[in-house]
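**Q** Going by this note's numbering, the sequence shown opens with residue 31, and the numbers climb by one from there. Would you mind keeping the following structure in view while I ask a few things?
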Amino acid sequence: MFKRPYILVIITLSPLAVSGLFLYLSLSSVLRRELVSWEAEVRQIQMAQIVDELKVRIDAAWDVANHYYDEGLGQDACTKAIASISQNQDSYVFVMRIDRTDRANEVMVVHPDKSFVGQSAHRVVDLERIQEIYYRGEIYPLGHPAVAGIQSVNVGEEISDICVEQGSGMIQYYWPRVVDGKASQVGYPKVTYVRFFPPWNWAMGSGAYADHIEGLVAAQVETARANMHHIMGLLLWFTLVITLVMAVIATGVSHRFSRKLIRYENSLLESGRRLRQEVEKSRRSEQIFKTLITNLPQKVVLKDRDSRILYCNEKYAESLHRTVEQIIGRNEYDLYPREVADRYVTSDRSVIEHGETIEVLSRRPVDGQERVTRVLKTPVKDDYQQADGILCVFEDFTERIQNEERLRAANAEMEETNRRLRETQRYLVQSEKMASIGQLAAGIAHEINNPMCYVVGNSHALQEYVTSLIEFLGVYDRHIQEMAQTGNALFEEHARAIQDIRSELDIDHICTDVESLLDDSQEGMNRVLRIVRNLRTFSRIDQVHDVASFNLNEGIRSTLAIANNELTEKSCVTTDLGDIPEVRCNSGEINQVILNILVNAAQAIGLQQRNTTGNIMIRTYREGDDVVCTIADDGPGIPTENLNRVFDPFFTTKPVGQGTGLGLHISYDIIVRQHGGHLSVESEAGKGTTFTIKIPIHGKPHTGSAKGRIHERENSAVC
Numbered sequence: 031m032f033k034r035p036y037i038l039v040i041i042t043l044s045p046l047a048v049s050g051l052f053l054y055l056s057l058s059s060v061l062r063r064e065l066v067s068w069e070a071e072v073r074q075i076q077m078a079q080i081v082d083e084l085k086v087r088i089d090a091a092w093d094v095a096n097h098y099y100d101e102g103l104g105q106d107a108c109t110k111a112i113a114s115i116s117q118n119q120d121s122y123v124f125v126m127r128i129d130r131t132d133r134a135n136e137v138m139v140v141h142p143d144k145s146f147v148g149q150s151a152h153r154v155v156d157l158e159r160i161q162e163i164y165y166r167g168e169i170y171p172l173g174h175p176a177v178a179g180i181q182s183v184n185v186g187e188e189i190s191d192i193c194v195e196q197g198s199g200m201i202q203y204y205w206p207r208v209v210d211g212k213a214s215q216v217g218y219p220k221v222t223y224v225r226f227f228p229p230w231n232w233a234m235g236s237g238a239y240a241d242h243i244e245g246l247v248a249a250q251v252e253t254a255r256a257n258m259h260h261i262m263g264l265l266l267w268f269t270l271v272i273t274l275v276m277a278v279i280a281t282g283v284s285h286r287f288s289r290k291l292i293r294y295e296n297s298l299l300e301s302g303r304r305l306r307q308e309v310e311k312s313r314r315s316e317q318i319f320k321t322l323i324t325n326l327p328q329k330v331v332l333k334d335r336d337s338r339i340l341y342c343n344e345k346y347a348e349s350l351h352r353t354v355e356q357i358i359g360r361n362e363y364d365l366y367p368r369e370v371a372d373r374y375v376t377s378d379r380s381v382i383e384h385g386e387t388i389e390v391l392s393r394r395p396v397d398g399q400e401r402v403t404r405v406l407k408t409p410v411k412d413d414y415q416q417a418d419g420i421l422c423v424f425e426d427f428t429e430r431i432q433n434e435e436r437l438r439a440a441n442a443e444m445e446e447t448n449r450r451l452r453e454t455q456r457y458l459v460q461s462e463k464m465a466s467i468g469q470l471a472a473g474i475a476h477e478i479n480n481p482m483c484y485v486v487g488n489s490h491a492l493q494e495y496v497t498s499l500i501e502f503l504g505v506y507d508r509h510i511q512e513m514a515q516t517g518n519a520l521f522e523e524h525a526r527a528i529q530d531i532r533s534e535l536d537i538d539h540i541c542t543d544v545e546s547l548l549d550d551s552q553e554g555m556n557r558v559l560r561i562v563r564n565l566r567t568f569s570r571i572d573q574v575h576d577v578a579s580f581n582l583n584e585g586i587r588s589t590l591a592i593a594n595n596e597l598t599e600k601s602c603v604t605t606d607l608g609d610i611p612e613v614r615c616n617s618g619e620i621n622q623v624i625l626n627i628l629v630n631a632a633q634a635i636g637l638q639q640r641n642t643t644g645n646i647m648i649r650t651y652r653e654g655d656d657v658v659c660t661i662a663d664d665g666p667g668i669p670t671e672n673l674n675r676v677f678d679p680f681f682t683t684k685p686v687g688q689g690t691g692l693g694l695h696i697s698y699d700i701i702v703r704q705h706g707g708h709l710s711v712e713s714e715a716g717k718g719t720t721f722t723i724k725i726p727i728h729g730k731p732h733t734g735s736a737k738g739r740i741h742e743r744e745n746s747a748v749c
């Protein structure tokens, strides 16, 4: 192999020459990019200088306007003062009145060009006033490809939008220069800074042409480009000199080492042959290992001591929605949330420290479902039996856990069946108790009703007496005041003494409060009487109830007033009460049904622990010979398996102690059996529940036939 020294020279110099060429090309590319970036930066700096000058000018004009406003000198005086600032086209201030309600009223108040004053600024578009554009040192006609990307600007609308939305800002557009009093047809780049003066709805601005920036930028860029070419020439010359020097040195050295290299060649070839054999053997072992790991049904991961992944099979990568290449070399914190990664790393350290296999169960959501995985972590030991890595085998235990949960569910269902049997037994016992309670309620109602009659009667008389006393005190006060004004010293002394005692005893407050107290007492007694009537009604549940014409809308309003605290704490009630006729019914029982359903809805919404207030919607309307009332909520809804049981006695899903399970059962009995109406429920879990009540307008149909009585018994039995 190395029989000629120049081959060694070529081999030695080739990397140097290639590196020098690569360095030259890379540096050239970097310098070009930097030149472009520097050119943009120079433009921004020049533009910022122009804007700063305009800001100073406009801030001064704004201060003038603010002074005139604070001193109350008026807009006309202020416009004259600002107009005096605008002496020429290069340093001027303009003022435009802003009107967001009607842009056509946005007019120019102050402008160095008097033809603009009083004109509407609504349709001032820059490209409509020119035929050519000055762009980066050249003049192009409109439509030329070089300026095709330049969009027209409605200057008036831009000024109005910036002032109202931002308060101040900058606008860039193209505008013709004025030469000898005439506007040219060439649009030059121009920048205008505007600031809003809210008290008078003024947009105060000033502009300056920016075409001189291109000349400054071109001169500086040309200088930078010349410097860049000089640097590149020096670099190329330096690279060539270094290459030639290295060529001379390499030629001399190659003669000295060529013979030694030849001796080493055979040794290297032999070592290479043995190395290839070892590599092939290692490759076959690695291939067998990868084939084994890849075809395992479990997910497998090999980590080092620091929990960094050295290898994983495709099943593990697919579980993380990544490729094997994307996972190898990463640690747990790159692949999992921090709290999960902390647990994994802690268990890895335990394996490394103790050198023993451990088992870990983990739960995490995958594609919207919880998956349970068992992880066996086994230490990988080196020649000194020290743990140098970790082999993790992941096995899906979800099905096994689900089977265990099914078994627990079956046991729970069996327990539920036993509970229902006990509930049925309790219901039978409760039914017997209800019969006794009916008789007891009748007796209690009778015993309470008699003394309450005396209390109510005396309360009415007491209320009349108090009214008379208050009237007497009013007349007495007038006479005392008249006597005090007679000038008699004794009368005045007695009047003051009486007034002091009146103030000390707070007689005025007592007179005002006693009537309210009596009204509240009367309301309380009326409630006791209503409770007594309900007890008597309960004791005569199979007897005919008081039926009268009833306005269902008024009943709903009164029920909402009674249940206001219970409802407004958890929900917002909305009503849509239609024009409906009165119905023949027992108003108290109908109100009780509505109250039961509303309270159930509010309690269901409260159990959701939601951050927002729930909604309850009540609607009434007429449907044929029936009046319909629907009560809908957006609570948790009723599961499908419970819909057929909501009217069953003692059935409830509320926590223990919060419900008896009789509310909807009694409501169904009132609507269906006692009033011949219809009560139904529609619900979907997670979306809410709607109860529909239908009440015949003319009352419950009277059917003396056996068929009618059988139908009534059937409805009651379904309950």
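Don't be surprised by glycine CBs; every beta carbon is placed ideally from N, CA and C.
Helix or strand or just coil, what does DSSP make of F268?
**A** Walking along the sequence shown from the start, residue 268 turns up at place 238. Of the three classes helix, strand and coil, the one that applies to F268 here is helix, per DSSP.
**Q** Would you kindly report the start and end of the unbroken alpha helix (DSSP H) that includes Y170?
**A** To locate residue 170, count along the sequence shown from 1; it is residue 140. That residue, Y170, is in no alpha helix (DSSP H); its beta strand (DSSP E) goes E168 to P171.
**Q** Could you give the residue range of the beta strand (DSSP E) that holds I163?
**A** On the sequence shown, position 133 is the one that residue 163 refers to. Element bounds for I163: E162 to Y165.
**Q** CB-CB under 6 Å to E188, same chain, minus the five flanking residues each way: which ones, in chain order?
**A** As a working mapping, residue 188 is identified with position 158 in the sequence shown. Counting only Cβ-Cβ distances below 6 Å, and skipping sequence neighbours, we find I201.
**Q** Please name the residue, chosen from Y170, D372, S713 and Y203, that lies closest to E671 on a Cα-to-Cα basis.
**A** The count along the sequence shown starts at 1 and reaches residue 671 at position 641. Considering only alpha carbons, the answer is S713.
**Q** What do you get for P666, buried or exposed, if any count of 16 or more other CB atoms within 10 angstroms of its CB means buried?
**A** Translated into positions along the sequence shown, residue 666 becomes position 636. P666 comes out buried.
**Q** Following the continuous alpha helix (DSSP H) through F521, name the residue where it begins and the one where it ends.
**A** To locate residue 521, count along the sequence shown from 1; it is residue 491. It spans A519 to E534 - the alpha helix (DSSP H) in which F521 sits, taken as one unbroken run.
**Q** Please report the straight-line C-alpha distance between L694 and K329, rounded to a whole angstrom.
**A** Translated into positions along the sequence shown, residue 694 becomes position 664. Translated into positions along the sequence shown, residue 329 becomes position 299. Going by the C-alpha atoms only, they are around 54 Å apart.
**Q** With three or more C-beta pairs closer than 8 Å as the rule, is the segment 262-269 touching the segment 134-148?
**A** No, because fewer than three Cβ pairs between the segment 134-148 and the segment 262-269 fall closer than 8 Å, the two stretches do not touch.
**Q** May I ask you to report which of helix, strand or coil DSSP gives F721?
**A** Walking along the sequence shown from the start, residue 721 turns up at place 691. F721 falls in the strand class under three-state DSSP.
**Q** Under DSSP, the alpha helix (DSSP H) around Y698 begins and ends at which residues?
**A** Sequence index remark: in the sequence shown, residue 698 carries index 668 (1-based). Here the alpha helix (DSSP H) through Y698 covers G693 to Y698.
**Q** Taking 8 Å as the limit between beta carbons, can you name the residues of its chain near N231, skipping five residues before and five after?
**A** Indexing the sequence shown from 1 puts residue 231 at position 201. R127, I128 and D129.
**Q** Can you round the beta-carbon distance between A662 and G718 to whole angstroms, since I take them to be within the 8 Å contact cut?
**A** Numbered from its first residue, the sequence shown carries residue 662 at position 632. Numbered from its first residue, the sequence shown carries residue 718 at position 688. Contact flag correct, Cβ pair sits at about 6 Å.
**Q** Below 8 Å between beta carbons: does that hold for A417 and I382?
**A** In the sequence shown, residue 417 corresponds to position 387, counting from 1. In the sequence shown, residue 382 corresponds to position 352, counting from 1. Yes. Within cutoff.
**Q** Hey, could you find the ends of the beta strand (DSSP E) N672 is sitting in?
**A** Against the sequence shown, residue 672 aligns to sequence position 642. Not the beta strand (DSSP E): N672 falls in the alpha helix (DSSP H), residues T670 to L673.
**Q** Looking only at its chain, what residues have a beta carbon closer than 6 Å to the beta carbon of V81, apart from the 5 residues adjacent to it on each side?
**A** Position 51 of the sequence shown, counting from 1, holds the residue named residue 81. Correct list, in chain order: M200 and Y223.
**Q** Starting from L157, trace the beta strand (DSSP E) in both directions and tell me its first and last residue.
**A** Translated into the one-based positions of the sequence shown, residue 157 becomes position 127. Element bounds for L157: n/a, residue is neither H nor E.
**Q** So, using beta-carbon positions, are E619 and I700 closer together than 8 Å?
**A** For the purposes of this step, residue 619 is identified with residue 589 of the sequence shown, where counting begins at 1. For the purposes of this step, residue 700 is identified with residue 670 of the sequence shown, where counting begins at 1. Against a cut-off of 8 Å, the Cβ pair of I700 and E619 comes out as a contact.
**Q** Over what stretch of residues does the beta strand (DSSP E) that includes D143 continue unbroken?
**A** Looking up residue 143 in the sequence shown gives position 113. No beta strand (DSSP E) holds D143; DSSP gives it neither H nor E.
**Q** Work out the CA separation of Q511 and G504 for me, nearest whole Å.
**A** Sequence index remark: in the sequence shown, residue 504 carries index 474 (1-based). Sequence index remark: in the sequence shown, residue 511 carries index 481 (1-based). Rounded to the nearest angstrom, the two C-alpha atoms are 11 Å apart.
**Q** Measuring alpha carbon to alpha carbon, tell me which residue in F680, Y363 and D241 is nearest M77.
**A** Translated into positions along the sequence shown, residue 77 becomes position 47. For the residues F680, Y363 and D241, the minimum Cα distance to M77 belongs to D241.
**Q** Just curious, the alpha helix (DSSP H) that R368 is in, first and last residue?
**A** As a working note, residue 368 is residue 338 in the sequence shown. It spans R368 to H384 - the alpha helix (DSSP H) in which R368 sits, taken as one unbroken run.
**Q** With a threshold of 16 other CB atoms inside 10 Å of the CB of Q704, please say whether the residue is buried or exposed.
**A** Along the sequence shown, one-based indexing puts residue 704 at 674. That one is buried.
**Q** Is I201 helix, strand or coil when you go by DSSP?
**A** Counting from one through the sequence shown, the residue named residue 201 turns up at place 171. Correct three-state label for I201: strand.
**Q** Just to confirm, are I646 and S601 a CB contact at a threshold of 8 Å?
**A** In the sequence shown, residue 646 corresponds to position 616, counting from 1. In the sequence shown, residue 601 corresponds to position 571, counting from 1. In contact: I646 and S601 (Cβ atoms closer than 8 Å).
**Q** First and last residue of the alpha helix (DSSP H) that includes I627?
**A** In the sequence shown, residue 627 corresponds to position 597, counting from 1. Segment S617 to G636, the alpha helix (DSSP H) holding I627.
**Q** By the DSSP assignment, the alpha helix (DSSP H) with R360 in it spans what residues?
**A** One-based indexing of the sequence shown puts residue 360 at position 330. Counting along the chain, R360 falls outside any alpha helix (DSSP H), and DSSP gives it neither H nor E.
**Q** Just to confirm my understanding: we take P171, look at its own chain, exclude 5 residues before and 5 after, and list those with CB closer than 7 Å. What are they?
**A** The sequence position of residue 171 within the sequence shown is 141, counting from 1. Only Q161 and E162 meet the Cβ criterion.
**Q** Based on the DSSP output, what are the partners of T605 in its beta bridges?
**A** Counting from 1 along the sequence shown, the entry for residue 605 is found at position 575. Its beta-bridge partners are I648.
**Q** Do I627 and F721 have their beta-carbon atoms positioned less than 8 Å apart in this structure?
**A** In the sequence shown, residue 721 corresponds to position 691, counting from 1. In the sequence shown, residue 627 corresponds to position 597, counting from 1. Yes, these two residues count as a Cβ contact at 8 Å.
**Q** Is it the case that the Cβ atoms of I339 and K333 are separated by a distance below 8 Å?
**A** Start at 1 with the first residue of the sequence shown, and residue 339 comes out as number 309. Start at 1 with the first residue of the sequence shown, and residue 333 comes out as number 303. Yes, they are a contact pair.
**Q** Buried or exposed for G644, going by 16 or more other Cβ atoms inside 10 Å?
**A** Numbered from 1 along the sequence shown, position 614 holds the residue referred to as residue 644. The residue is buried, with at least 16 neighbouring Cβ atoms inside 10 Å.
**Q** Report the rounded CA-to-CA distance for S489 versus C659, giving the unit in angstroms.
**A** Counting from 1 along the sequence shown, the entry for residue 489 is found at position 459. Counting from 1 along the sequence shown, the entry for residue 659 is found at position 629. Near 38 Å, if we compare the C-alpha coordinates of C659 and S489.
**Q** Pull the bridge partners of M513 from the DSSP assignment, please.
**A** Reading the sequence shown from its first residue, position 483 is the one you call residue 513. Answer by DSSP bridge pairing: none, since M513 is not bridged.
**Q** On a CA-only basis, which of A519, D507 and I243 is nearest Q529? Give me that one, please.
**A** Locating residue 529 in the sequence shown gives position 499, counting from the first residue. The option with the nearest alpha carbon to Q529 is D507.
**Q** Would you kindly report the start and end of the unbroken beta strand (DSSP E) that includes A240?
**A** As a working note, residue 240 is residue 210 in the sequence shown. Looking at the DSSP string, A240 is not in any beta strand (DSSP E), and its letter there is neither H nor E.
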